[in-house]
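**Student:** A single structure is presented below for examination.
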Amino acid sequence: MIFFIRAFVLALLSVLTPCTCARAQIVNIEDKRKALDSLGWFGQLDVNGSLTKNNNTVITVGGALRLDRLGQRGNVLFLSDYKLVQVSGDNATNAGFLHARYGWEIKDGWRWETFTQVQYNEQLRLNLRFLVGSGIRRRLYRNGQSRAYLGVLYMHEYDEMTDSEIVYRDHRMSNYFTIRAQLTPTISLASTSYYQPRLPDFTVPRISSVASVAVTFSNSLRFTSNFSLTYDERVNRDFPEVPATVFTWLNGLRIIF
């Protein structure tokens, strides 16, 4: 089954297809939401690849597909992402996911969401992850460009680990808090934290947090800093070679001319 999933992801992206591939075990969907101001379908397609030959041969292939449908009360979000980095035949990165989500506005500030996801990550020994879940999303605050949301969802999770007979079948909560704030006319902040405990005893939680800051110096210069962290004690306990804590810190300058 995992071969079919990988082949489907790769074929979809190679035929159609920024790469936001999930190197951590939680895919941060909040970071991928868009503010759309008109009804209808919207799409975004990205592909990238490179070949470098020196002492080693480095091949990089990646792509991402995004589809949004904004309706009067119902929204659809579809995401797919794939990334492969191969160094002299060895995979340094090999990960991908498919995610579909439907949201229905119950009333102003309240939304019911249902989602499903398929994911794999070779470096984290995640051969296959399948999720299906549903729950409520509540807007806590809105003022200008600033927003705050709280999500409380239930999900069932199925995980197959690579080169192992271990299979996890869990009922989990998937709770998150997200905030987007325009601190000053030139500084913006966005942060999302996930808390995913196993039910019914709320043990071995999976925790993830993503934060980003953008500073606009002028119409031609902008600085961004993004930090993401995921903690998963259970995988590290069963597979000591997989770190319990995985993080990424990216900083960059954008020059417009």
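First residue of the sequence shown? That's 1 in the UniProt record's numbering, and the numbers climb one at a time after it.
Beta carbons are placed, not taken as given, at the ideal position from N, Cα and C, and that holds for glycine.
For the alpha helix (DSSP H) that R234 lies in, which residues bound it at each end?
**Tutor:** E233 to D238
**Student:** Are the beta-carbon atoms of E160 and N127 separated by less than 8 Å?
**Tutor:** Closer than 8 Å, so yes.
**Student:** Does F8 come out as helix, strand or coil in the three-state DSSP assignment?
**Tutor:** Only weak support is given to the placement of F8: the predicted model assigns it a pLDDT of 44, under 50, and the question is left unresolved by the model.
**Student:** Rounding to the nearest angstrom, what Cα-Cα distance links residue 258 and R101 in this structure?
**Tutor:** In the structure as shown, the chain begins at 1 and stops at 257. Residue 258 is therefore absent and cannot be evaluated.
**Student:** Under three-state DSSP, which class holds Q117?
**Tutor:** strand
**Student:** Determine which residues share a DSSP beta bridge with I207 and list them.
**Tutor:** DSSP output for I207 lists Y195 and Y231 as bridge partner(s).
**Student:** What does S225 pair with, by DSSP beta-bridge criteria?
**Tutor:** V213 and N251
**Student:** Could you give the uninterrupted runs of the beta strand (DSSP E) lying entirely in the segment 40-113, keeping only those of 3 residues or more?
**Tutor:** 40-53, 57-70, 74-87 and 90-107
**Student:** From what residue to what residue does the beta strand (DSSP E) around G135 run?
**Tutor:** L126 to N143
**Student:** For the beta strand (DSSP E) that Q182 lies in, which residues bound it at each end?
**Tutor:** V167 to T184
**Student:** Any idea if V9 is buried or exposed, counting beta-carbon neighbours within 10 angstroms, 16 or more meaning buried?
**Tutor:** Model confidence at V9 stands at a pLDDT of 43, short of 50, so the residue's coordinates are unreliable and nothing is read from them.
**Student:** With a CB to CB cut of under 6 Å and the five nearest residues on each side skipped, what residues in its chain are close to F247?
**Tutor:** L229
**Student:** If the criterion is Cβ atoms closer than 8 Å, does the pair W104 and R69 meet it?
**Tutor:** no
**Student:** Using a Cβ-Cβ cut-off of 8 Å (strictly less than) and excluding sequence neighbours within five positions of F239, which residues of its own chain qualify?
**Tutor:** R125, M161 and S164
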